[in-house]
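Residue numbers are given in my numbering: position 243 of the sequence shown equals residue 243, and the series is strictly consecutive.
Ideal Cβ placement from N, Cα and C applies to all residues, glycine included.
Presented below is the structure to which this report refers.
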Amino acid sequence: MERELTPDKQKLEKMLMNEKPTNVMKLKVKQNMIGWGFVLPAALLIFTFYFYPIFRAFILSFQTGVGANIRFAGLANYKRIFLDPLFKTSLSNVFIYLVLQVPMMLFLALILASLVNDEKLRGRGLFRTALFLPCATSLVSYAIIFRSLFALDGFVNALLMNLSIISRPINWIGHPWTARILIVIALTWRWTGYNMIFYLAGLQNINFSIYEAAKIDGANAFSSFFRITIPLLKPIILLTTIMSTNGTLQIFDETMNLTNGGPANSTLSISQYIYKLSFVYSPRFGYAAAISFVVFIIVAILAFIQLKVGDER
């Protein structure tokens, strides 16, 4: 039997029902304000130091001159890129690094990740730390070490001569192809461990029973690696390929500190060329900005191709 409400209680219940949606709306507004309070400072910093400089650089790419002499130049800077032999040289250099270094580095990272993921391996933590340490090394420090290792009287030449592989010291920095190989070796040494961490995280999400079932079916380590490990790590391989491609096309520190773009610009990278256009040669900020956006377009196109090739959907 339903109890009857007095007029006062009916009035109070109506007031509470009317206030409930209002309180909910106020709570949602308060939650949104708190959320924006956390997000807004970071968003302002990102806009100020990331998106605004990109926007200004895009405008600058259509201008020429410096200071009070800046004037609108239209597409002149972009047209000049196609006629610039030094830009073509720097572009070919970074593509050489890309073709030689990225596949070798990623494949080596896959193998190392598989080895240090073995449950039977003793001291796995020590090996993982040792392989990742080069990534945490200072860029300038390791460049100085590599220059001394590959000097005419350095350790590498001494070792190769003692093994009777070469008869006289190799001038690694003095010849175009040996200088490029030196940069490839340095990049591989530094970034292999970094990519290995991604693959190691992916391998730890693969159920070990899959490998045991394959072993029972007669699969050896070689076939398990190519038929189980690589297919299951395909999304991570795609991610590391895109990141490595992006990083290689924008390489700066290694070419600057190891070879300074030499000999005869044979190791010059695009980023180093942009730096020289802005701060070493007579300032050409508009032209340097135009090259930056061309590199951005090249990176975007390569990433799109890699996504289309790697994504079965």
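What are the boundary residues of the alpha helix (DSSP H) that includes G246?
According to the sequence displayed, residue 246 carries Asn and not Gly. Where N246 is concerned, the enclosing alpha helix (DSSP H) stretches over 234–249.
Just to confirm before moving on: does the CB-CB distance between T240 and L106 stay below 8 angstroms?
A contact, by the Cβ cut-off of 8 angstroms.
Between which two residues does the alpha helix (DSSP H) holding P53 run?
Membership of P53 in the alpha helix (DSSP H) is indicated by the continuous run 52–60.
List the residues that DSSP assigns as beta-bridge partners of T89.
DSSP lists no partner for T89.
Could you check what DSSP says for T48 in three-state terms: helix, strand or coil?
In the structure shown, T48 sits in a helix (DSSP, three-state: H, G or I).
For F132, does the three-state DSSP call read helix, strand or coil?
Secondary structure of F132 (DSSP, three-state): helix.
Quick check: the Cα distance between V39 and Y52, rounded to an integer number of angstroms?
Looking at the two C-alpha atoms, the distance is approximately 18 angstroms.
Can you find the residues in the same chain that come closer than 7 angstroms, C-beta to C-beta, to G261, ignoring five residues on each side of it along the sequence?
T255, T267, L268, Q272, listed in sequence order.
Less than 8 angstroms between the C-beta atoms of T245 and L307, yes or no?
No; because the gap between Cβ atoms is not below 8 angstroms, this pair is not in contact.
Please report the straight-line C-alpha distance between R122 and L112, rounded to a whole angstrom.
Each residue's alpha carbon lies about 15 angstroms from the other.
Can you tell me which of the three DSSP states T137 falls into?
T137 falls in the coil class under three-state DSSP.
As assigned by DSSP and simplified to three states, the class of R122
Taken through DSSP and simplified to helix, strand or coil, R122 comes out as coil.
Measure from the alpha carbon of N316 to the alpha carbon of each residue in I236, F222, F49, A219, then state which is nearest.
Given a span of 1 to 313 for the chain in the structure shown, any question on residue 316 remains unanswerable.
Compute the beta-carbon to beta-carbon distance between I170 and N157, rounded to the nearest angstrom, for a pair I have assumed lies under 8 angstroms.
Indeed they touch by this definition, with Cβ atoms about 6 angstroms apart.
On the CB-based measure, 16 or more other CB atoms within 10 Å of its CB, does N77 come out buried or exposed?
With 16 or more Cβ atoms within 10 Å of its Cβ, N77 is classed as buried.
Check the DSSP bridge columns for T64 and list the partner residues they point to.
DSSP output for T64 lists R71 as bridge partner(s).
Closest residue to R124 among L160, R284, L200 (Cα-Cα distance):
The shortest CA-to-CA distance from R124 to any of L160, R284, L200 is the one to L200.
C-alpha distance - K234 paired with N265, whole-angstrom precision
Cα to Cα, the separation comes out at about 37 angstroms.
Boundaries (first-last residue) of the alpha helix (DSSP H) holding A221:
From DSSP, the alpha helix (DSSP H) with A221 extends over 221–224.
Whole angstroms is fine: what's the gap from S282's alpha carbon to P85's?
Cα-Cα distance, rounded: 18 angstroms.
Flag this pair as touching only if the stretch 171–187 and the stretch 129–140 have three or more C-beta atom pairs under 8 angstroms; answer yes or no.
No: the two stretches stay apart, fewer than three of their Cβ pairs being nearer than 8 angstroms.
Roughly how far, in whole angstroms, is the beta-carbon of T259 from the beta-carbon of I183, given that I think they are within contact range, below 8 angstroms?
Contact between T259 and I183 holds, with the beta-carbon distance rounding to 7 angstroms and staying under 8 angstroms.
Looking only at C-alpha atoms, which of C135, S167, R56, A221 sits nearest to D118?
The shortest C-alpha to C-alpha distance from D118 to any of C135, S167, R56, A221 is the one to A221.
For chain C, is any of its Cβ atoms less than 8 angstroms away from the one on L133?
The question asks about chain C, but that chain is absent: this structure has only one protein chain.
What are the start and end residues of the alpha helix (DSSP H) that includes R190?
Segment 176–203, the alpha helix (DSSP H) holding R190.
Quick one: what does DSSP say I111 is sitting in, helix, strand or coil?
I111: helix per DSSP, three-state reduction.
In angstroms, rounded to a whole number, what distance separates the CA positions of A73 and Q63?
Using only the alpha carbons, I get a separation of about 5 angstroms.
Quick check: what's the CA-CA separation for A213 versus S164?
In this structure, the straight-line span from the alpha carbon of A213 to that of S164 is close to 47 angstroms.
Can you tell me which of S148, F49, M243 puts its alpha carbon nearest to the alpha carbon of T304?
One detail in the question is off: residue 304 reads as Phe in this sequence, not Thr. It is M243.
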